[in-house]
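In terms of my numbering, the numbers along the sequence shown are unbroken and rise by one, the last being 538.
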Amino acid sequence: MNLYVQTSRVHGRASPLLYGHFLEHFHRQIYGGVFAPGHPLADEDGFRMDVLEALRHIKVPILRWPGGCFVSAYHWQKGVGQNRVASFDKAWRVEDSNRFGTDEFIKLCRKIGCAPYLCTNAGTGTLEEMSDWVEYCNLTKQGEFAKQRIANGFPSPHQVKYWSIGNENYGSWELGAKAPEEWSRLVLEAAKLMKHVDPTLSLSAAAIADIDWNLHLLRAAGHQLDWISIHAYWDAIHNTNALATYGQTMAYTQSLGESIDKVRGLLTALGLQTSIKIAFDEWNLRGWYHPGMHTAQLARTEAEYLTPRDANDDNSAYTMADAVFTACFLNELNRNCDIVGMANFAPAVNTRGCIYTHDKGIVLRTTYHVFDLYVNHLLPTVVDAYCEEMPLAVFTDKQNCPVQVNQLDVIATVGDTADQVVLAVVNKAEYDAVELSVQIDQRKPLRYCCLTLDGETANSYNDVDVQGASIRSTPWQPAASPLRLRISPHSVNIIKVEMPR
Ligand code: AHR
Numbered sequence: 038m039n040l041y042v043q044t045s046r047v048h049g050r051a052s053p054l055l056y057g058h059f060l061e062h063f064h065r066q067i068y069g070g071v072f073a074p075g076h077p078l079a080d081e082d083g084f085r086m087d088v089l090e091a092l093r094h095i096k097v098p099i100l101r102w103p104g105g106c107f108v109s110a111y112h113w114q115k116g117v118g119q120n121r122v123a124s125f126d127k128a129w130r131v132e133d134s135n136r137f138g139t140d141e142f143i144k145l146c147r148k149i150g151c152a153p154y155l156c157t158n159a160g161t162g163t164l165e166e167m168s169d170w171v172e173y174c175n176l177t178k179q180g181e182f183a184k185q186r187i188a189n190g191f192p193s194p195h196q197v198k199y200w201s202i203g204n205e206n207y208g209s210w211e212l213g214a215k216a217p218e219e220w221s222r223l224v225l226e227a228a229k230l231m232k233h234v235d236p237t238l239s240l241s242a243a244a245i246a247d248i249d250w251n252l253h254l255l256r257a258a259g260h261q262l263d264w265i266s267i268h269a270y271w272d273a274i275h276n277t278n279a280l281a282t283y284g285q286t287m288a289y290t291q292s293l294g295e296s297i298d299k300v301r302g303l304l305t306a307l308g309l310q311t312s313i314k315i316a317f318d319e320w321n322l323r324g325w326y327h328p329g330m331h332t333a334q335l336a337r338t339e340a341e342y343l344t345p346r347d348a349n350d351d352n353s354a355y356t357m358a359d360a361v362f363t364a365c366f367l368n369e370l371n372r373n374c375d376i377v378g379m380a381n382f383a384p385a386v387n388t389r390g391c392i393y394t395h396d397k398g399i400v401l402r403t404t405y406h407v408f409d410l411y412v413n414h415l416l417p418t419v420v421d422a423y424c425e426e427m428p429l430a431v432f433t434d435k436q437n438c439p440v441q442v443n444q445l446d447v448i449a450t451v452g453d454t455a456d457q458v459v460l461a462v463v464n465k466a467e468y469d470a471v472e473l474s475v476q477i478d479q480r481k482p483l484r485y486c487c488l489t490l491d492g493e494t495a496n497s498y499n500d501v502d503v504q505g506a507s508i509r510s511t512p513w514q515p516a517a518s519p520l521r522l523r524i525s526p527h528s529v530n531i532i533k534v535e536m537p538r
């Protein structure tokens, strides 16, 4: 199969924020995940040092917090200061000690070296609670909230640039959900108040790929927004944990760009495509497993709604299916980097995240290695990559219907000089390798090397005593022209090609 790369045809420059992450007060993401005061592997501030190191290695550029559904009944002031009183988390129906709050989150971001991204409570919260949070974080010393921050031991402002108004307030499952016209007015007024505190904020609002919701929001408040937030979990197994198989997962790749296309169309129709970017600020192949919550009839006992959440910690669930899907979606984000400016993998630690914590250390799940490959090897400018005679693969989806998709998913990237091209090539086939012939411009490549993430089978995974999927690399070697490569089945590949200047 022939792959043609045209470095002169540029899709756009991908923001590093496409590789962002998300942490919510849910199950073991914060408590027992990244934050474990007194744990032997925790530092002086209570953060797991092995987790911090792993997050730094994948250069997490931005971290969204505290939710997610959790935020829609969260009151930030309970999580700052010396005398923290535990709250009942109405979203997830557990007690939250409030030991981890704004100041701990900022410390976490500083230790990782990433930008903090705060999502405000537009469910039960008030406009002033949102803007008071901006005062607490961003004012030097004016007013009571900045003075509170100083009294709490933080003399300098936290300088939080990225903020979102609300989380999925369109959804019946969300506490304090809103109707479109209600939402548009709330966002407009909240944005005004927050920007009166700090007009430099980079501001988003909860949205969905729905015309009615977005028309109301963008017509009323579009001029106040820098971003529009959308979310996606393709394997929506929140109540069943009936994980999609490898083939069913590949069937999902047919609809990767659906939300982006719809929101792009609407932004363009309203003439906002240059002033507002998409923040895909929650995404994962797998929906989180929390039965009896987003249902009309809530589960009653902890055995029904709390204990089952532990099933998210089953590392064998996160196979090469998750890695291949994640790479395909990161490719989709890169292809749309002109309109998508941020994305946040949901979540980073535990639940369906890329890092799993246990008492003696961490497990780097297959998806972690995808971020390692993309963040540490891809180049920023996305250029045209065209596959001639793309082989098609047919998978059976969860409705037992055949779905035809491209067998390969490919992007090509270049840096500021013309001497290197880096490809990300994903082979979705469960069993079939592909022989690829690569032609880059009309130039003869000098040498190349490959980094390949795969496992023995499509169901390979990593666990405490299992290393089923890992990255293997080939040394630099002379390149023929065209460059010929064998792309193994169920694999994610970074191919670095050195070109003559
Ligand atoms: O399943 C977790 C939830 O998914 C997040 O809290 C919410 O933002 C999304 O609906």
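Every residue gets a Cβ at the ideal spot worked out from N, C-alpha and C, and that includes glycine.
For D133, which residues of its own chain have a beta-carbon under 7 Å away from its beta-carbon, when the five flanking residues on both sides are left out?
H62, A123, S124, D126
Using 8 Å as the threshold, is the segment 140-156 in touch with the segment 85-96, meaning 3 or more CB pairs across them?
yes
Own chain partners of Q310 with C-beta closer than 6 Å, once the 5 adjacent residues on each side are dropped
L304
Could you say which of T332, N464, G259, T494 lies nearest to L240 if we only look at CA atoms?
G259
I need the boundaries of the beta strand (DSSP E) containing S292, first residue and last residue.
First-last for S292: undefined, no H or E at that position.
Quick check: Q43 and D456, are their CB atoms within less than 8 Å of each other?
no
If you follow the alpha helix (DSSP H) that H94 is in, where does it begin and where does it stop?
86-94
Sort out for me which residues DSSP pairs K533 with in a bridge.
V459, C486
Which residues share a DSSP beta bridge with R22?
The requested residue 22 is not part of the displayed model; the chain covers only 38 to 538.
Whole angstroms are fine: how far does the CA of K178 sit from the CA of H414?
42 Å
Using a threshold of 7 Å, is the CB atom of N204 nearer than that to any non-hydrogen atom of ligand 1?
yes
If you reduce the DSSP assignment to three classes, tell me which class G259 lands in.
helix
Tell me, please, which residues DSSP counts as bridged to E472.
R523
Which residue or residues does DSSP assign as beta-bridge partners of C72?
With the sequence shown as reference, residue 72 is identified as Phe, and Cys is not the correct amino acid for it. DSSP, once it has assigned bridges, lists Y68, F84 as partnering F72.
Classification of G398 by the beta-carbon crowding that lies within 10 angstroms, buried from 16 upward
exposed
Between the CA atoms of H58 and Y326 - distance to the nearest angstrom
19 Å
Classification of G302 by the beta-carbon crowding that lies within 10 angstroms, buried from 16 upward:
exposed
Can you tell me whether G11 sits near ligand 1, meaning its C-beta is under 7 Å from at least one heavy atom of the ligand?
As displayed, the chain neither begins before 38 nor continues past 538, which places residue 11 out of reach and without an answer.
Return the chain-ordered list of same chain residues with a C-beta closer than 8 Å to the C-beta of V447, the five sequence neighbours on each side being excluded.
L40, N368, A422, C424, L460, A461, V462, V463
Classify G190: buried if its beta carbon has 16 or more other beta carbons within 10 angstroms, exposed otherwise.
exposed
Supposed close pair S510, L488 - CB separation, criterion 8 Å
5 Å
Where are the beta strand (DSSP E) runs, 3 residues long or more, that stay fully inside the segment 220-278, in chain order?
239-242, 264-272
Keeping to the same chain, check which residues put their C-beta closer than 7 Å to that of I187; ignore five residues upstream and five downstream.
K178
So what does DSSP say about L55, is it helix, strand or coil?
helix
Since P159 contacts G104 with CB under 8 Å, what's their CB separation in whole angstroms?
With the sequence shown as reference, residue 159 is identified as Ala, and Pro is not the correct amino acid for it. Not a contact, Cβ separation roughly 11 Å.
For N158, report the span of its beta strand (DSSP E) as first-last.
Unbroken run through N158: none, as it is neither H nor E.
Closest by C-alpha distance to V224, when choosing among R521, D140, W200:
W200
Grab me the residues of G138's own chain with a C-beta within less than 8 Å of its C-beta, minus the 5 sequence neighbours each way, in chain order.
W113, K115, G116, V117, R121
Which one or two residues does DSSP pair with P22 in a beta bridge?
Outside the modelled stretch of the chain, which goes from 38 to 538, sits residue 22, for which no answer is possible.
Hey, is the segment 226-246 in contact with the segment 163-176, meaning 3+ C-beta pairs nearer than 8 Å?
yes
With distances taken from CA atoms, which of V458, V442, T363, K232 is nearest A449?
V458
Kindly indicate which three-state DSSP category Y355 falls into: helix, strand or coil?
coil
Using only alpha-carbon positions, find the residue among I376, T344, D318, M357 that is nearest to S312.
I376
Using 8 Å as the threshold, is the C-beta distance between L429 and V451 below it?
no
Measure the alpha-carbon distance for H195 versus P153 and round it to whole angstroms.
9 Å
Flag this pair as touching only if the segment 334-348 and the segment 289-300 have three or more C-beta atom pairs under 8 Å; answer yes or no.
no
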